[in-house]
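Numbering (full-length UniProt numbering), first residue to last: 1 to 96.
No residue lacks a Cβ here, since even glycine has one placed at the ideal position from N, Cα and C.
Reviewing the structure listed below.
Structure representation (structure tokens):
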């Protein structure tokens, strides 16, 4: 199992319609084959200044690779993520 997580801050103003549209439209990622346990999260720790997180799981590397190469993921990254995300940190975990 691979747990894919990303924390990020958007370029949009907090609470704006643009922020809401980005989060709504990101739900398309949950429908990509191989994605399990997709979650959108609001970051609340004072230890960093990221605003949101996405988390999802994949059964194995093949499922994760399929997600990364899927046309919906590629389009979302190109059309939404790159122009709208100010900064991010991506972490992928496997169990010890």
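Item: Beta-carbon gap between residue 30 and residue 38 smaller than 8 Å; Value: yes
Item: Assigned secondary structure, residue 70 (DSSP; H/G/I helix, E/B strand, else coil); Value: coil
Item: As assigned by DSSP and simplified to three states, the class of residue 77; Value: helix
Item: Rounded distance between the beta-carbons of residue 6 and residue 66, thought under 8 Å; Value: Actually they are not in contact, since the Cβ atoms of residue 66 and residue 6 sit about 18 Å apart, beyond 8 Å.
Item: Residues bridged to residue 10 (per DSSP); Value: 85
Item: Residue burial classification, residue 98 (beta-carbon count within 10 angstroms, cutoff 16); Value: Since the first residue shown for the chain is 1 and the last is 96, residue 98 is missing from the structure and cannot be characterised.
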